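Colleague:
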Amino acid sequence: MQTEFTISSFALRNLKRKPLRTAILIAAIAILVAALVFALSFVSRVSSSVRLASERLGADILVVPAGSRGAAEDVLLENKAKSFYMSRGVIEKLKTIKGIDQLTYQTYLTTMQGKCCDVPETVVVAFNQDTDFIVKPWLSEKFGRKLQKGEALVGNESAFNIRVGLIDVDKVLFGNVFKMVGVLDKTGTGLDNALFINDENLEDILIKGQTDLRPGQISIVFVRVKKGLDSYKVAGEIEDAFVELDTMARKDIGKSIIMTLRDINQIFIFTMILISLLSGFLTWAIFSAIANERAREIGIMRAVGARESHIVTVFLTEVIIVGSIGSIIGIIGGTVLSIVLAQSFSIMKSLPLHLTIMNRILIACIGFLIGNAICIAGALSPIQKIKKMEPLMAIKKE
Amino acid sequence: MTQIEVSGLTKIFSIDEQDITAVSNVSLSIEKGEFVSIVGHSGSGKTTLISIIGGIMKPTSGKVLFNGQDICNLDDDDLSAYRNENIGFMFQFASLLPMLTSTENVLLPGLFSRRKDMNAVKKAEEYLSLVGIGDKVSAYPSQLSGGQQRRVAIARALMYDPPVILADEPTGDLDEETEADIMELFRKLNREKMMTFVFITHNSELAGMASRQLRMTRGILSGV
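Chains as they are written, first to last, in this note's numbering: chain A, 296 to 693; chain B, 55 to 278.
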């Protein structure tokens, strides 16, 4: 007894008739979707990391020396070892601005393995414990005390990235020995790879003379504005009052990265359009050939009672099978690529945030829909043409 | 009772900017259960005439009434249902789908039908046995000879007991013995199930088996 056949099994058998052609079409869709998934993963990861990092810093405004916005973003978002300094005197000046509720400052020192320090290149953050509201939220309550001189905290990912994570380990920083006494929680910022010390240590560090920091210098001031005030307005007031300072409101942090990302996005979009057009054209060409080849069969099907909608269903089922298989392969390929190739992009290596499962599912869904949509769009014209043919004309078509 | 009423039917093909009249002002009535043969030279318009009656081609002008309804004005859904439920086609060329087995080819009209027959597979195998290829139920067309393929197509046309069979040289590829068996089967179905048969043939002996013989000459139909 034979099993009953359906339009789906009918479509599947049609595809099996020309396995190489089917494989080429599946490969084209897979390449399109893989490229799309890779691009979306890249853009999504960079933009979410930047957005989250700026939200997690806990400050409304960042104040840095004029011309140091990019360097500050590099440190805060990507943990690039950069130093920039201004006079500590700015703190008193900033206190004269009415809209400021709270402020704290940090000093960034960059390590160089073998010269000053026995850790790989990273940023050492000297922070003021009395005013701090940036580091404290990420320090476990278990720690429960202030950092003493000669003690340091390590960022959450330092163990992996700069191989300093074990507490009770002694490390030499700028000629002084520091004991690692605690690990910060994950902040989702570039500071996850940094080391943190009490700024009272700066005096000893300056004495050893193994850094370009000068007495009385700091790198950055974090500002919280009074409730209900517009941080942009306060930032503007600071810049108007002190030309030697630059500010970044919370929403502007990472702007330069976002701008770069916008350019990368455009390249991705252009590439995607090209690949989509090629895939659509290939689908059109293959389904035009299929429609011509099967004209007689379609005529016979119409003669025995197939409606136009049946013919469309058979073809669309084939298209969707090809589109779905291609899209699934593409999603897997694109995801693997985004993980493996990410290591080749310096911006990705330094980004702390990884895509969540939900992000990945969303990207996969977009890839799946676009893969199928391109396939359907390419096949639509040949399907429309063949379904409209008079059955006898289709049967007689050679 | 008149089952098929053709009146003033004309079909003109435009080929290379030239009009060729394949069927010229044909009028014809066929009663339910008639056994009609059409003879004529190649290109005389026989195939075009039965294609229009079967709803697989539109006429240039004229009407085809089936049980009083003009099939030329039906939309695609209704015309497809008309072909599916009322017409069994036998073409003069190989008309099987290559990726389907003999049984599946016989079942093909059922795939597009609103009515579902639970015993369809069994019935298809019985029809294949009736046309003498009961041992080929699982064979694909490429594994069958031309004559065997023709018999699968005959079984497919008969499968869902359509009231009208339109056959274009149905026994063309068959040997004499099989041809006689098939014609006997047609006559039996014609008698027992009151199926109407309209078949085209070049064989005058076969044409003589019909209760009414028609001749097409350059698109014009006449009685023999």
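We put the CB at the ideal spot given by N, CA and C, even for glycine.
Keep in mind the model is a prediction, meaning the values are calculated, not measured.
Taking only three categories from DSSP, how would you classify Pro195 of chain B?
Modeller: Locating residue 195 of chain B in the second sequence gives position 141, counting from the first residue. If DSSP states are grouped into helix, strand and coil, Pro195 of chain B belongs with the helices.
Colleague: One question on the structure: do Leu161 of chain B and Ala148 of chain B come within less than 7 Å of each other, judged by their Cβ atoms?
Modeller: The count along the second sequence starts at 1 and reaches residue 161 of chain B at position 107. The count along the second sequence starts at 1 and reaches residue 148 of chain B at position 94. No, they are not a contact pair.
Colleague: According to DSSP, is Leu320 of chain A part of a helix, a strand, or is it coil?
Modeller: Position 25 of the first sequence, counting from 1, holds the residue named residue 320 of chain A. Residue state, collapsed to three classes: helix.
Colleague: Pick helix, strand or coil for Cys411 of chain A, following the three-state DSSP scheme.
Modeller: Against the first sequence, residue 411 of chain A aligns to sequence position 116. Note: Cys411 of chain A maps to coil in three-state DSSP.
Colleague: Cα-Cα, which of A:Ile678, A:Val430 and A:Asn667 is closest to Ala325 of chain A?
Modeller: Here residue 325 of chain A is taken as the residue at index 30 of the first sequence, counted from 1. Selected option, being the one with the closest Cα: A:Asn667.
Colleague: Is there a Cβ of chain A sitting closer than 7 Å to that of Pro163 of chain B, yes or no?
Modeller: As a working mapping, residue 163 of chain B is identified with position 109 in the second sequence. Judged by the 7 Å Cβ criterion, Pro163 of chain B is in contact with chain A.
Colleague: Kindly give me the distance between the Cβ atoms of Ala489 of chain A and Val414 of chain A, rounded to whole angstroms, as I take these residues to be in contact under 8 Å.
Modeller: To locate residue 489 of chain A, count along the first sequence from 1; it is residue 194. To locate residue 414 of chain A, count along the first sequence from 1; it is residue 119. Contact flag wrong, Cβ pair sits at about 11 Å.
Colleague: For Trp433 of chain A, I'd like the list of residues in its chain whose CB is within less than 7 Å of its CB, leaving aside the five on either flank, ordered along the chain.
Modeller: Sequence index remark: in the first sequence, residue 433 of chain A carries index 138 (1-based). Same-chain partners within the cutoff: Leu479, Asp480 and Thr482.
Colleague: Check for me: the alpha helix (DSSP H) holding Leu103 of chain B runs from which residue to which?
Modeller: The count along the second sequence starts at 1 and reaches residue 103 of chain B at position 49. Element bounds for Leu103 of chain B: Lys100 to Ile107.
Colleague: Could you compute how far the alpha carbon of Thr391 of chain A sits from the alpha carbon of Leu540 of chain A?
Modeller: Counting from one through the first sequence, the residue named residue 391 of chain A turns up at place 96. Counting from one through the first sequence, the residue named residue 540 of chain A turns up at place 245. Cα to Cα, Thr391 of chain A sits roughly 14 Å from Leu540 of chain A.
Colleague: Out of A:Ile321, A:Ile319, A:Ala334 and A:Lys313, which one is the CA nearest neighbour of Asn560 of chain A?
Modeller: In the first sequence, counting from the first residue as 1, residue 560 of chain A sits at position 265. Minimum Cα distance to Asn560 of chain A is reached at A:Ala334.
Colleague: Ser382 of chain A by DSSP, collapsed to three states: which one?
Modeller: Here residue 382 of chain A is taken as the residue at index 87 of the first sequence, counted from 1. Residue state, collapsed to three classes: strand.
Colleague: Going by alpha carbons, who is nearest to Lys410 of chain A out of A:Val464, A:Gly662, A:Asn471 and A:Ala367?
Modeller: Here the question's residue 410 of chain A lines up with position 115 in the first sequence. Ranking the options by Cα distance to Lys410 of chain A, first place goes to A:Asn471.
Colleague: Taking Thr426 of chain A as the reference, give the member of A:Phe438, A:Cys412 and A:Tyr400 with the closest Cα.
Modeller: Counting from one through the first sequence, the residue named residue 426 of chain A turns up at place 131. That would be A:Tyr400, whose Cα lies nearest to the Cα of Thr426 of chain A.
Colleague: Please confirm if Asp131 of chain B has its CB atom under 7 Å from at least one CB of chain A.
Modeller: Counting from one through the second sequence, the residue named residue 131 of chain B turns up at place 77. With 7 Å as the cut-off, Asp131 of chain B counts as an interface residue toward chain A.
Colleague: DSSP three-state label for Leu687 of chain A, please.
Modeller: Locating residue 687 of chain A in the first sequence gives position 392, where the first residue counts as 1. Looking at Leu687 of chain A - three-state DSSP - the assignment turns out to be helix.
Colleague: Taking Ala135 of chain B and Gly600 of chain A to be in contact with their CB atoms under 8 Å, please state how far apart those CB atoms are, rounded to whole angstroms.
Modeller: To locate residue 135 of chain B, count along the second sequence from 1; it is residue 81. To locate residue 600 of chain A, count along the first sequence from 1; it is residue 305. Yes, they are in contact, since the Cβ atoms of Ala135 of chain B and Gly600 of chain A sit about 7 Å apart, within 8 Å.
Colleague: Less than 8 Å between the CB atoms is what I'm expecting for Ile321 of chain A and Ile624 of chain A, so what's the real figure, rounded?
Modeller: Stepping through the first sequence from its first residue, residue 321 of chain A is reached at position 26. Stepping through the first sequence from its first residue, residue 624 of chain A is reached at position 329. Yes, they are in contact, since the Cβ atoms of Ile321 of chain A and Ile624 of chain A sit about 7 Å apart, within 8 Å.
Colleague: In its own chain, which residues sit with a C-beta less than 7 Å from the C-beta of Lys680 of chain A, not counting the 5 before and 5 after it?
Modeller: Start at 1 with the first residue of the first sequence, and residue 680 of chain A comes out as number 385. Closer than 7 Å at the Cβ level, and outside the excluded window around Lys680 of chain A, lie Ala586.
Colleague: Does any residue of chain B bring its CB to less than 7 Å from the CB of Phe565 of chain A?
Modeller: For the purposes of this step, residue 565 of chain A is identified with residue 270 of the first sequence, where counting begins at 1. Not an interface residue.
Colleague: Take the Cβ of Lys682 of chain A as the centre, count every other Cβ of all protein chains shown within 10 Å, and call the residue buried at 16 or more, exposed below.
Modeller: The residue you call residue 682 of chain A lines up with position 387 of the first sequence. That one is buried.
Colleague: Distance cutoff 7 Å, beta carbons only. Does Pro314 of chain A sit that close to anything in chain B?
Modeller: Sequence index remark: in the first sequence, residue 314 of chain A carries index 19 (1-based). Chain B contact via Cβ: absent.
Colleague: So, is the C-beta of Phe67 of chain B closer than 7 Å to a C-beta in chain A?
Modeller: The residue labelled residue 67 of chain B in the question sits at position 13 within the second sequence. Not closer than 7 Å to any Cβ of chain A, the Cβ of Phe67 of chain B fails to qualify, so no.
Colleague: Keeping to the same chain, check which residues put their C-beta closer than 7 Å to that of Leu632 of chain A; ignore five residues upstream and five downstream.
Modeller: Within the first sequence, the letter at position 337 stands for residue 632 of chain A. Cβ neighbours of Leu632 of chain A beyond the five flanking positions: Ala329 and Phe333.
Colleague: Compute the beta-carbon to beta-carbon distance between Gln512 of chain A and Tyr380 of chain A, rounded to the nearest angstrom, for a pair I have assumed lies under 8 Å.
Modeller: If you number the first sequence from 1, residue 512 of chain A lands on position 217. If you number the first sequence from 1, residue 380 of chain A lands on position 85. About 4 Å; that satisfies the 8 Å criterion.
Colleague: Which runs of the beta strand (DSSP E) fall wholly inside the segment 561–590 of chain A and span at least 3 residues, in chain order?
Modeller: none
Colleague: Please decide whether Glu603 of chain A counts as near chain B, where near means a Cβ-Cβ distance under 7 Å.
Modeller: As a first step, residue 603 of chain A is located in the first sequence; it is residue number 308 there, counting from the start. Yes - at least one Cβ of chain B is within 7 Å of the one on Glu603 of chain A.
Colleague: Once the 5 residues before and after Lys117 of chain B are set aside, which same chain residues still bring their CB inside 8 Å of it?
Modeller: Position 63 of the second sequence holds residue 117 of chain B. The residues are Glu59, Val60, Ser61, Gly62, Leu63, Asp124 and Cys126.
Colleague: Give the range of the alpha helix (DSSP H) segment to which Met213 of chain B is assigned.
Modeller: Residue numbering aside, residue 213 of chain B sits at position 159 when the second sequence is read from its first letter. Taken as a continuous stretch (DSSP letters only), the alpha helix (DSSP H) holding Met213 of chain B covers Gly200 to Met213.
Colleague: Between the C-alpha atoms of Gly662 of chain A and Leu577 of chain A, what's the straight-line distance to the nearest angstrom?
Modeller: Along the first sequence, read from residue 1 onward, the residue named residue 662 of chain A stands at position 367. Along the first sequence, read from residue 1 onward, the residue named residue 577 of chain A stands at position 282. Approximately 18 Å between the Cα atoms of the pair.
Colleague: Kindly list, in the order they appear in chain B, the residues whose Cβ is closer than 8 Å to that of Phe300 of chain A.
Modeller: Sequence index remark: in the first sequence, residue 300 of chain A carries index 5 (1-based). Ordered by position in chain B, the residues that pass the 8 Å Cβ test against Phe300 of chain A are Leu154, Glu158, Leu161 and Leu165.
Colleague: Per DSSP, which residues does Leu357 of chain A bridge with? Please list them.
Modeller: Taking the first residue of the first sequence as position 1, residue 357 of chain A is located at position 62. DSSP output for Leu357 of chain A lists A:Phe517 and A:Met543 as bridge partner(s).
Colleague: Buried or exposed for Val617 of chain A, going by 16 or more other Cβ atoms inside 10 Å?
Modeller: For this step, residue 617 of chain A is matched to residue 322 along the first sequence. Looking at its Cβ environment, which holds 16 or more other Cβ atoms inside 10 Å, Val617 of chain A is buried.
Colleague: Which residue comes first and which comes last in the alpha helix (DSSP H) that contains Leu675 of chain A?
Modeller: On the first sequence, position 380 is the one that residue 675 of chain A refers to. According to the DSSP assignment, Leu675 of chain A belongs to the alpha helix (DSSP H) that extends over Ile652 to Lys682.
Colleague: Under 7 Å between C-beta atoms, does Phe253 of chain B make it to chain A?
Modeller: Along the second sequence, one-based indexing puts residue 253 of chain B at 199. Not one chain A Cβ lies under 7 Å of Phe253 of chain B.
Colleague: For a contact defined as C-beta to C-beta under 7 Å, what are the partners of Asn309 of chain A on chain B?
Modeller: Within the first sequence, residue 309 of chain A is the residue found at index 14, counting from 1. Near Asn309 of chain A (Cβ distances below 7 Å), the residues of chain B are Met153.
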